[in-house]
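**Q**
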Amino acid sequence: MIYMNKDITYVVLADDDEDDRLFFTEAFEELKITTKVETYEDGVALMDALSADDALIPNILFLDLNMPKKSGLECLKEIKKSKRFQDMAVAIYSTSASEEDIENTFVNGANIYIKKPSDFNTLKKILSDVVTVNWQYHTSGLNRDNFLLRL
Amino acid sequence: MKIFVKFDFTRVCNKVIEDTLNSLGIAYNVPSFGEIEIDDKASSESVKLLNERLAIYGIDIIENQKIILVQRLKDAIVDMVFNEENQVNVKSSVYLSEKLGHSYGYLSNLFSEVTYTSIENFIILQKIEYTKSLIAKTDLSLTEIAFKLNYSSVAHLSTQFKNTTGITPTAFQRIIAKRRELANNPTN
Chain A
172 MIYMNKDITY
182 VVLADDDEDD
192 RLFFTEAFEE
202 LKITTKVETY
212 EDGVALMDAL
222 SADDALIPNI
232 LFLDLNMPKK
242 SGLECLKEIK
252 KSKRFQDMAV
262 AIYSTSASEE
272 DIENTFVNGA
282 NIYIKKPSDF
292 NTLKKILSDV
302 VTVNWQYHTS
312 GLNRDNFLLR
322 L
Chain B
1351 MKIFVKFDFT
1361 RVCNKVIEDT
1371 LNSLGIAYNV
1381 PSFGEIEIDD
1391 KASSESVKLL
1401 NERLAIYGID
1411 IIENQKIILV
1421 QRLKDAIVDM
1431 VFNEENQVNV
1441 KSSVYLSEKL
1451 GHSYGYLSNL
1461 FSEVTYTSIE
1471 NFIILQKIEY
1481 TKSLIAKTDL
1491 SLTEIAFKLN
1501 YSSVAHLSTQ
1511 FKNTTGITPT
1521 AFQRIIAKRR
1531 ELANNPTN
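Residue numbers (our numbering), protein chains in the order written: chain A, 172 to 322; chain B, 1351 to 1538.
This is the structure in structure tokens:
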């Protein structure tokens, strides 16, 4: 079932870069919004965890595009095939990609595209924006199909 | 085969609420959307049941006064943006403060405290969401949409769209069209 505690946003990140995982977790710790953060180091570990029968479905899933074993795009396509994840926002969290690749992730169902920033304060600002906008979709009855955001 | 449907959210919500109240035998009255007066004689047991049954539909009974006011504020904003007849010539701050009977400063602080965003941003977000749904569901041009939503120019709408979503209205339109194509031909 979807994570239902209204006062806590549950976010999950799959990224093979250990430093990026650390920055991400620390950025969330410093935000005024209460979050619960979990990270996985590749697409297979992520999908195994999410597919478990009793798995909590995150409010927002952040996917690195280039990961060993299973790429972010492969995870995205699997996720979009399943009804279980229909209320979960998917954010692509990537170092760099061509315009065409970015658009392709949106076409395949991503809601958010984030280019990894180089400094910590920008990361905090971006993640705070993402959670805030997602919260609006969650609480204000907006149409999730139209949820596209690029940062 | 894929079919696309559209919803009248107000009607859906009201119908669910009415059916639920009827099934529990609670006498009620709906003064405005999102507000229900129930018979004072209703037992706390049946109110609890009402809470549980509505929760299935994602409808929650709000208990905190601050949250109620913020919800009314949101409804007033949505109403202001989506219903053209309600489009007012006064500034939105004046409109909202008169409609809710509190100073704009108070409303504005309360809103930010509860929602983590400002009233101004919420209005922009709603207008951009409305623009998106018009792009996705109608054949209106961006110029026509800009006019409909009271923007001074199409450039202003276009810039605000890009600033809010990070993508241009044209790219948005293209992505939605491609998604539909993909949904209709999943093998491609």
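All C-beta atoms in this analysis are idealised placements derived from N, C-alpha and C, irrespective of residue type, glycine included.
So with Cβ pairs under 8 angstroms, would you call Met172/A a contact of chain B?
**A** Here residue 172/A refers to the residue found at position 1 of the first sequence. Confidence at Met172/A is low in this model, with a pLDDT of 43, below 50, so its placement is unreliable and no value can be given for it.
**Q** Are any of the Cβ atoms in chain B nearer than 8 angstroms to that of Arg321/A?
**A** Mapped onto the first sequence, residue 321/A falls at position 150. It does; some Cβ of chain B falls within 8 angstroms.
**Q** For chain B, is any of its Cβ atoms less than 8 angstroms away from the one on Glu274/A?
**A** Along the first sequence, one-based indexing puts residue 274/A at 103. By this cut-off, Glu274/A is an interface position.
**Q** Along chain A, in chain order, which residues have C-beta atoms closer than 8 angstroms to that of Thr1515/B?
**A** The count along the second sequence starts at 1 and reaches residue 1515/B at position 165. Residues of chain A passing the Cβ test: Leu319, Leu320 and Arg321.
**Q** Could you check the C-alpha separation between Val261/A and Met238/A for me, to the nearest Å?
**A** For the purposes of this step, residue 261/A is identified with residue 90 of the first sequence, where counting begins at 1. For the purposes of this step, residue 238/A is identified with residue 67 of the first sequence, where counting begins at 1. The straight-line gap from Cα to Cα measures roughly 16 angstroms.
**Q** Would you verify that the beta carbon of Gly367/A is, or is not, closer than 8 angstroms to some beta carbon of chain B?
**A** This structure gives no information on residue 367/A, because the portion of chain A shown stretches from 172 to 322.
**Q** List the whole-angstrom C-beta distance separating Ile121/A from Asn305/A, where the pair is believed to meet the contact cut-off of C-beta under 8 angstroms.
**A** Past the edges of chain A, shown from 172 to 322, lies residue 121/A, and the structure says nothing about it.
**Q** With 16 other CB atoms within 10 Å as the buried threshold, where does Ile179/A fall?
**A** The residue given as residue 179/A occupies position 8 in the first sequence. It counts as exposed.
**Q** Pick helix, strand or coil for Ser299/A, following the three-state DSSP scheme.
**A** Taking the first residue of the first sequence as position 1, residue 299/A is located at position 128. Reduced to three states, the DSSP call for Ser299/A is helix.
**Q** Does the beta carbon of Val278/A sit closer than 8 angstroms to a beta carbon anywhere in chain B?
**A** Here residue 278/A refers to the residue found at position 107 of the first sequence. For Val278/A, the answer is yes, since a Cβ of chain B falls inside 8 angstroms of its Cβ.
**Q** With a Cβ-Cβ cutoff of 8 angstroms, do Ile1525/B and Glu197/A count as a contact?
**A** By one-based count along the second sequence, residue 1525/B stands at place 175. By one-based count along the first sequence, residue 197/A stands at place 26. Not in contact: Ile1525/B and Glu197/A (Cβ atoms no closer than 8 angstroms).
**Q** Out of Phe195/A, Asp190/A, Asp186/A and Glu189/A, state which residue places its alpha-carbon closest to the alpha-carbon of Thr293/A.
**A** Residue numbering aside, residue 293/A sits at position 122 when the first sequence is read from its first letter. For Thr293/A, the nearest C-alpha among the options comes from Phe195/A.
**Q** What residues from the segment 1523 to 1537 of chain B come within 8 angstroms of chain A, judged by C-beta to C-beta, listed N to C?
**A** Listed by position along the chain: Arg1524, Ile1525, Ile1526, Lys1528, Arg1529 and Leu1532.
**Q** Taking the alpha-carbon of Tyr1466/B as reference, which of Ala281/A, Thr303/A, Gln257/A and Phe233/A has the nearest alpha-carbon?
**A** Taking the second sequence and counting its residues from 1, the one referred to as residue 1466/B is at position 116. Closest by alpha carbon: Thr303/A.
**Q** For chain B, find out if any of its Cβ atoms is closer than 8 angstroms to the Cβ of Ser269/A; answer yes or no.
**A** Along the first sequence, read from residue 1 onward, the residue named residue 269/A stands at position 98. Output row for Ser269/A: interface = no.
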